[in-house]
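Report on the following structure.
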Amino acid sequence: MSIKDSKAEINTITYDRDKIEENVGSIYEAIVIMGKRAEQINAEIRTELHNKLDEFAVHNATLEEVFENREQIEISKHYEKMPKPTSIAIREWLDDEIYYRKTEERN
Numbered sequence: 014m015s016i017k018d019s020k021a022e023i024n025t026i027t028y029d030r031d032k033i034e035e036n037v038g039s040i041y042e043a044i045v046i047m048g049k050r051a052e053q054i055n056a057e058i059r060t061e062l063h064n065k066l067d068e069f070a071v072h073n074a075t076l077e078e079v080f081e082n083r084e085q086i087e088i089s090k091h092y093e094k095m096p097k098p099t100s101i102a103i104r105e106w107l108d109d110e111i112y113y114r115k116t117e118e119r120n
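Using this note's numbering, the first residue of the sequence shown is number 14, and each one after it goes up by one.
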């Protein structure tokens, strides 16, 4: 599933703790897994946004030469309206779309 097509919540909601921890048996493990996925999503979104905004960058501009670009503003607004990476990660977790594995401790 694409991040752009995510059905994640935009607003803060309360999730059922039992549903979150049922795959791993521990709420703490589930939070760590979702947190790591949220970091990955955030990196993807940030890279995509910077690539789009770099198209409008003027590298030799002085303060007087800087002007508002309507397309740049629209791109920024679009990304501000997207669900947060944490919400996307939680939705992926609840929909069993996150792959994870446990590394066993070696003695």
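Cβ coordinates follow ideal geometry from the N, Cα and C atoms, glycine included.
Model, not experiment: these values are computed from the prediction.
Residues near residue i by beta carbon distance below 7 Å, same chain, minus five either side
| i | result |
| --- | --- |
| Arg50 | Ala102, Glu105, Ile111 |
| Ile54 | Ile16, Pro98, Ile101, Ala102 |
Distance between residue j and residue i (C-alpha atoms, nearest Å)
| i | j | result |
| --- | --- | --- |
| Ala21 | Asp67 | 28 Å |
| Ile16 | Glu117 | 31 Å |
| Glu34 | Ile26 | 17 Å |
| Val45 | Tyr113 | 11 Å |
| Asn36 | Gln85 | 42 Å |
| Ile58 | Thr99 | 12 Å |
| Pro52 | Lys97 | Reading off the sequence, residue 52 comes out as Glu, not Pro. Cα-Cα distance, rounded: 11 Å. |
| Asn24 | Arg83 | 27 Å |
| Arg30 | Leu107 | 11 Å |
| Met47 | Asp109 | 11 Å |
Where residue i sits in the DSSP three-state scheme
| i | result |
| --- | --- |
| Tyr28 | coil |
| Ser89 | helix |
| Tyr112 | coil |
| Met95 | coil |
| Val37 | coil |
| Ile103 | helix |
| Asn82 | coil |
| Lys49 | helix |
Any chain C beta carbon closer than 9 Å to residue i
| i | result |
| --- | --- |
| Tyr41 | Structure shown: chain C not included; a single protein chain is present. |
Sequence-distant residues of the same chain with beta carbon closer than 6 Å to residue i, five excluded per side
| i | result |
| --- | --- |
| Asp18 | none |
| Thr60 | none |
| Lys65 | Ile88 |
For this session: Give a yes or no on contact between the region 39 to 51 and the region 83 to 90, applying the rule of three or more CB pairs nearer than 8 Å.
Result: no
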